[in-house]
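> If you scroll down you'll find the structure; I have some questions about it.
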Amino acid sequence: MGRTGLAVKEFRTLLLYILLGAVTVLALAPTAWMFSTSLKARGAVFEQTIRWIPNPITLENYSRAFSSLPLLTWLNNSALIAAFTLILTLLCDILIAFAFARLEFRGKNLLFMLVLTTIMVPSQATAVPMFKLINWMGLIDTKTGIVVPQAAEAIGVFLLTQFFKGIPKELGEAARIDGCSNWQILWKIIVPLSGPAITVLTILTLANSWNNFLWPLIVAQSEASITLPVGLASLMSGFSEAAEAREYGLLMATSMVACLPTIVAFLVLQQRFIEGITMTGLKG
Amino acid sequence: MRPFNREQAFRRVLLRALDSSLLFLAPYFVIFLLFKLGPIIANFLVSAYRLDIVGGGEFIGLKNYHHLLTDRLFWVALRNTLYYLVLVGPVVIIGGFLLALLLNQPLRGRAFARAAVFMPYVIMVTVVGALWRWILESRFGILNYYLGLLGIGPVYWLTSSSTAMIGIVIATVWWTIGYNTVIYLAGLQDVPRELIEAAEIDGAGPLRCLTQVIVPFLRPTTFFVVLTTVIYSLQVFGQVYTMTGGGPRYSTLTLVQHLYVTGFRLFNLGYSATISVVLFIVILVMSAGVFGFLRQNVE
Numbered sequence: 000m001g002r003t004g005l006a007v008k009e010f011r012t013l014l015l016y017i018l019l020g021a022v023t024v025l026a027l028a029p030t031a032w033m034f035s036t037s038l039k040a041r042g043a044v045f046e047q048t049i050r051w052i053p054n055p056i057t058l059e060n061y062s063r064a065f066s067s068l069p070l071l072t073w074l075n076n077s078a079l080i081a082a083f084t085l086i087l088t089l090l091c092d093i094l095i096a097f098a099f100a101r102l103e104f105r106g107k108n109l110l111f112m113l114v115l116t117t118i119m120v121p122s123q124a125t126a127v128p129m130f131k132l133i134n135w136m137g138l139i140d141t142k143t144g145i146v147v148p149q150a151a152e153a154i155g156v157f158l159l160t161q162f163f164k165g166i167p168k169e170l171g172e173a174a175r176i177d178g179c180s181n182w183q184i185l186w187k188i189i190v191p192l193s194g195p196a197i198t199v200l201t202i203l204t205l206a207n208s209w210n211n212f213l214w215p216l217i218v219a220q221s222e223a224s225i226t227l228p229v230g231l232a233s234l235m236s237g238f239s240e241a242a243e244a245r246e247y248g249l250l251m252a253t254s255m256v257a258c259l260p261t262i263v264a265f266l267v268l269q270q271r272f273i274e275g276i277t278m279t280g281l282k283g
Numbered sequence: 000m001r002p003f004n005r006e007q008a009f010r011r012v013l014l015r016a017l018d019s020s021l022l023f024l025a026p027y028f029v030i031f032l033l034f035k036l037g038p039i040i041a042n043f044l045v046s047a048y049r050l051d052i053v054g055g056g057e058f059i060g061l062k063n064y065h066h067l068l069t070d071r072l073f074w075v076a077l078r079n080t081l082y083y084l085v086l087v088g089p090v091v092i093i094g095g096f097l098l099a100l101l102l103n104q105p106l107r108g109r110a111f112a113r114a115a116v117f118m119p120y121v122i123m124v125t126v127v128g129a130l131w132r133w134i135l136e137s138r139f140g141i142l143n144y145y146l147g148l149l150g151i152g153p154v155y156w157l158t159s160s161s162t163a164m165i166g167i168v169i170a171t172v173w174w175t176i177g178y179n180t181v182i183y184l185a186g187l188q189d190v191p192r193e194l195i196e197a198a199e200i201d202g203a204g205p206l207r208c209l210t211q212v213i214v215p216f217l218r219p220t221t222f223f224v225v226l227t228t229v230i231y232s233l234q235v236f237g238q239v240y241t242m243t244g245g246g247p248r249y250s251t252l253t254l255v256q257h258l259y260v261t262g263f264r265l266f267n268l269g270y271s272a273t274i275s276v277v278l279f280i281v282i283l284v285m286s287a288g289v290f291g292f293l294r295q296n297v298e
């Protein structure tokens, strides 16, 4: 390689680093601006010069968010709903995935296909009948009404079935000869070996429930069952145009509280989270 | 004959029950029938009714579908949804691919950049809406401030009907592009090194390597990315609901926003179901189109 060849290569590397830097900054800047705005005093939000580091830094917006808004109730509802959705989803999916992967019964393949095809149907396409059903059951404006339909998602069934199928059959068969029931084989052998798949499903279920918007928006009507995304939306639509302009600090502080759990969880579980996305192709 | 032992008999019954497939199937299947399959089928039926919140409603046959034809807002919503897809689709698909190529280069800080690009995707949609409403604010928004430094603007992003959809698209691209990037990154890991080396030995430059080796190899990935992008774009709702509410002057009204307002604000549930049937059909037709296009390309 001649001198010019080397120069071209160096130039290319430099260009790539500039691109990499620009992309990173563009990806992070909006979130950073949200954080920065949330730390500004009321008047400072509308200064003519853009200040990324607020002067003075104040937690006033956060204390106002917690004292003047039902933010704790929203947080509490979102957390409870995510936890119950997770428990119900894991229980149902583990059981049926075991049946699909390990048991023989009539119509198995047909049933599996039926479950899988519903992945294609958008949730909006069932909103009206679901609303009537939930209404008929008396579950409008309850956490149960928000949780239970979310446990019917088929993606977890698919994920776990594929994983269970990959566990060597001999492991179960040996236990069977020793007199174990299917129930024991599932909980004592299959589940303990399925850590990675269950972790991925856990992360996806929690993130989806935490971020879910349309269904809780339809079901939740009073403060008692409103979740964070719905509460935040109601906060925005509750402002008059003039008030909204004054309240961006409050809005950004509330937003920070709402998305901090998923951002922290993502940073901690990054590798697994991305694994989960590529494995399932799921979008919240 | 052994004497009857209640405890033993009970244990036998319990063991049998724990062993039957029905026990494993029942919990998911009950929820699935009631809250997934049932509503999917019921939705078609409901679209033949005039239905509000209470009561059984009145059977009106195809009248709701007839109403669609004359509902100006339905056509506006359909057009806006397709317009949104045309704007968002190419950017997040091609952009996602280019980002994946960049993030796959052996550069320092690459892991950090990957995390940064994907991070917005874990933020909930209403936060994305609130944040971008603030960024796109016309008088005090930071985007107009920087555009002003370049001598552009001010742009009335979300309050002018010619730019509101662009504003929603910008927010969406920021929010979701990392998802496609991650899918493409996973695909790039699978490209065999030998394939690229063989091409290089044959004298192919980086560009020819890209177009003749990498892109064809990633065809299944591209298929998946295009399909999911189309399906999810047609369902756009949260950003619209929080950023513009469908306005100004219906310029950002999309199909799901229209069906939400019709069903759950105006409580015209039967007609709302009709719009969702159309949405379902549009998604089905477009997905079939993507399938067909891929097959044609492979043959």
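These protein sequence lines are chains A and B, in that order. Under numbering that gives the first Met the number 0, the residues of the first sequence are numbered 0 to 283, in order. Under numbering that gives the first Met the number 0, the residues of the second sequence are numbered 0 to 298, in order. For every residue, glycine included, the Cβ atom is placed at its ideal position computed from N, Cα and C.
1. Answer yes or no: does any C-beta atom of chain A fall closer than 8 angstroms to that of B/Ile59?
2. Report the option in B/Arg71, B/Ala47, B/Leu98 and B/Met123 whose CA atom is closest to the CA atom of B/Arg248.
3. Taking the Cβ atom as the reference point for each residue, do A/Pro53 and A/Ala43 lie within a distance shorter than 8 angstroms?
4. Taking only runs of the alpha helix (DSSP H) that begin and end inside the region 158-214 of chain A, which ones reach a length of at least 4 residues, in chain order?
5. Closer than 8 angstroms, CB to CB, is A/Pro69 near chain B or not?
6. Is the shortest distance between the beta-carbon of A/Met112 and the beta-carbons of chain B less than 8 angstroms?
7. Please return the same chain residues whose Cβ sits closer than 8 angstroms to the Cβ of B/Leu146, not counting the five positions on each side in sequence.
8. From the DSSP output, in three-state form, read off A/Gly283 for me.
9. Using the beta-carbon count (16 or more within 10 Å), is A/Leu94 buried or exposed?
10. Kindly indicate if chain A contains any beta-carbon less than 8 angstroms away from that of B/Trp133.
11. Can you check which of these residues, B/Leu142, B/Leu98, B/Val276 and B/Phe290, is closest to A/Ser122 by C-alpha distance?
12. Taking the DSSP output, what are the residues bridged to B/Arg49?
13. Is DSSP giving A/Leu109 helix, strand or coil here?
14. For A/Val267, return the contacting residues in chain B, with the cut-off set at a CB-CB distance below 7 angstroms.
15. If we ignore side chains and look at the alpha-carbon of each, how far apart do A/Leu170 and A/Ile188 end up?
16. Anything in chain B within Cβ reach of A/Phe45, meaning under 7 angstroms, just list it in chain order.
17. Give me the chain A residues within the contact set of B/Leu278, using Cβ-Cβ distance strictly less than 9 angstroms, ordered along the chain.
18. In terms of alpha-carbon separation, which member of A/Met129, A/Thr88 and A/Ala252 lies closest to A/Phe157?
19. Across the region 60-75 of chain A and the region 2-14 of chain B, are there enough close Cβ pairs to call them in contact, namely three or more that are closer than 8 angstroms?
20. With distances taken from CA atoms, which of B/Arg49, B/Phe73, B/Ile282 and B/Thr180 is nearest B/Asn63?
21. Output yes if chain A places a C-beta closer than 8 angstroms to the C-beta of B/Tyr240; else output no.
22. Please list the partners that B/Trp173 has in chain A, where partner means a Cβ-to-Cβ separation under 7 angstroms.
23. In whole angstroms, give me the CA-to-CA distance for A/Thr226 and A/Val218.
24. Enumerate, from N- to C-terminal direction, the unbroken alpha helix (DSSP H) stretches of 4 or more residues contained entirely within the region 113-149 of chain B.
25. Is it buried or exposed, A/Ser284, if we count other Cβ atoms within 10 angstroms and call 16 or more buried?
26. Does B/Val284 come within less than 8 angstroms of chain A when only Cβ atoms are used?
27. Can you tell me whether B/Arg218 is buried or exposed, with buried defined as 16 or more other CB within 10 angstroms of its CB?
28. Going by beta carbon distance, what residues of the same chain come within less than 7 angstroms of B/Trp173, once the five residues before and after it are set aside?
29. Are at least three pairs of beta-carbons, each pair with one atom in the region 31-39 of chain B and one in the region 97-117 of chain A, less than 8 angstroms apart?
30. Rank A/Leu231, A/Trp214 and A/Ser193 by C-alpha distance to the C-alpha of A/Gln149 and give the top, closest one.
31. For B/Trp156, does the three-state DSSP call read helix, strand or coil?
32. Within a Cβ cutoff of 8 angstroms, which residues of the same chain sit near B/Ile230, ignoring the five residues on either side of it in sequence?
33. So, helix, strand or coil for B/Gly37, using DSSP?
34. Take A/Phe99 and list the residues in its own chain whose beta-carbon comes closer than 6 angstroms to its own, dropping the five residues that flank it on each side.
35. Residues in the region 9-21 of chain B with C-beta within 7 angstroms of chain A's C-beta atoms, listed in sequence order?
36. So, is the C-beta of B/Val181 closer than 8 angstroms to a C-beta in chain A?
Looking at the coordinates:
1. Against the second sequence, residue 59 of chain B aligns to sequence position 60. No, because no Cβ of chain A sits closer than 8 angstroms to the Cβ of B/Ile59.
2. In the second sequence, residue 248 of chain B corresponds to position 249, counting from 1. Comparing Cα positions, the closest option is B/Arg71.
3. As a first step, residue 53 of chain A must be located in the first sequence, where it is residue number 54. As a first step, residue 43 of chain A must be located in the first sequence, where it is residue number 44. Yes; because the gap between Cβ atoms is below 8 angstroms, this pair is in contact.
4. Secondary structure in the region 158-214 of chain A: the alpha helix (DSSP H) runs of 4 residues or longer, each lying completely within the stretch, are 168-176, 181-184 and 194-210 in chain order.
5. Here residue 69 of chain A refers to the residue found at position 70 when the first sequence is read from its first residue. No, no contact with chain B.
6. To locate residue 112 of chain A, count along the first sequence from 1; it is residue 113. Not closer than 8 angstroms to any Cβ of chain B, the Cβ of A/Met112 fails to qualify, so no.
7. The count along the second sequence starts at 1 and reaches residue 146 of chain B at position 147. Gly152, Pro153 and Val154, listed in sequence order.
8. Reading the first sequence from its first residue, position 284 is the one you call residue 283 of chain A. Note on A/Gly283: pLDDT 39, under 50, position unreliable in the model; the coordinate value appears next. In the structure shown, A/Gly283 sits in coil (DSSP, three-state: anything other than H, G, I, E or B).
9. One-based indexing of the first sequence puts residue 94 of chain A at position 95. Burial call: buried.
10. Walking along the second sequence from the start, residue 133 of chain B turns up at place 134. Closer than 8 angstroms: yes.
11. The residue you call residue 122 of chain A lines up with position 123 of the first sequence. Comparing Cα-Cα distances from A/Ser122 to each of B/Leu142, B/Leu98, B/Val276 and B/Phe290, the minimum goes to B/Val276.
12. The count along the second sequence starts at 1 and reaches residue 49 of chain B at position 50. Looking at the DSSP assignment, B/Arg49 forms a beta bridge with B/Glu57.
13. The count along the first sequence starts at 1 and reaches residue 109 of chain A at position 110. Looking at A/Leu109 - three-state DSSP - the assignment turns out to be helix.
14. In the first sequence, counting from the first residue as 1, residue 267 of chain A sits at position 268. Near A/Val267 there are no residues of chain B at all, since even the closest Cβ is about 11 angstroms away, more than 7 angstroms.
15. Within the first sequence, the letter at position 171 stands for residue 170 of chain A. Within the first sequence, the letter at position 189 stands for residue 188 of chain A. If I take the Cα positions, the gap works out to 8 angstroms.
16. Start at 1 with the first residue of the first sequence, and residue 45 of chain A comes out as number 46. The contacting residues are Phe139.
17. Working through the second sequence from its first residue, we reach residue 278 of chain B at position 279. Going along chain A in sequence order, the residues near B/Leu278 (Cβ under 9 angstroms) are Pro121, Gln123 and Ala124.
18. The residue labelled residue 157 of chain A in the question sits at position 158 within the first sequence. Residue A/Thr88 is the option with its Cα nearest to A/Phe157.
19. No, the region 60-75 of chain A is not in contact with the region 2-14 of chain B.
20. Counted from its first residue, the second sequence places residue 63 of chain B at position 64. Measuring from the Cα of B/Asn63, the nearest candidate turns out to be B/Arg49.
21. Position 241 of the second sequence, counted from the first residue, corresponds to residue 240 of chain B. Cβ-Cβ to chain A under 8 angstroms: yes for B/Tyr240.
22. Your numbering for residue 173 of chain B matches position 174 in the second sequence. Going along chain A in sequence order, the residues near B/Trp173 (Cβ under 7 angstroms) are Pro29.
23. Along the first sequence, read from residue 1 onward, the residue named residue 226 of chain A stands at position 227. Along the first sequence, read from residue 1 onward, the residue named residue 218 of chain A stands at position 219. A/Thr226 and A/Val218: Cα-Cα distance of roughly 10 angstroms.
24. 124-134 and 141-148
25. Residue 284 of chain A cannot be examined here, being either before or after the span of chain A that is shown, 0 to 283.
26. Your numbering for residue 284 of chain B matches position 285 in the second sequence. False, the Cβ-Cβ gap to chain A never drops below 8 angstroms.
27. By 1-based counting over the second sequence, the position of residue 218 of chain B is 219. B/Arg218 should be labelled exposed.
28. Here residue 173 of chain B corresponds to residue number 174 of the second sequence, with the count starting at 1. Excluding positions up to five away in sequence, the list reads Pro119.
29. Touching, yes.
30. On the first sequence, residue 149 of chain A is found 150 positions in, with the first residue counted as 1. Looking at the Cα atoms, A/Trp214 is the closest of the given residues.
31. Here residue 156 of chain B corresponds to residue number 157 of the second sequence, with the count starting at 1. Note: B/Trp156 maps to coil in three-state DSSP.
32. The count along the second sequence starts at 1 and reaches residue 230 of chain B at position 231. So the list reads Ile282, Met285 and Ser286, once near-sequence residues are dropped.
33. For the purposes of this step, residue 37 of chain B is taken as residue 38 along the second sequence, with counting starting at 1. DSSP, read as helix, strand or coil, puts B/Gly37 in helix.
34. If you number the first sequence from 1, residue 99 of chain A lands on position 100. Once the five neighbours on either side are set aside, the close Cβ partners of A/Phe99 are Phe111 and Thr160.
35. Leu14, Leu17, Asp18 and Ser20
36. For the purposes of this step, residue 181 of chain B is taken as the residue at position 182 of the second sequence. Cβ-Cβ to chain A under 8 angstroms: yes for B/Val181.
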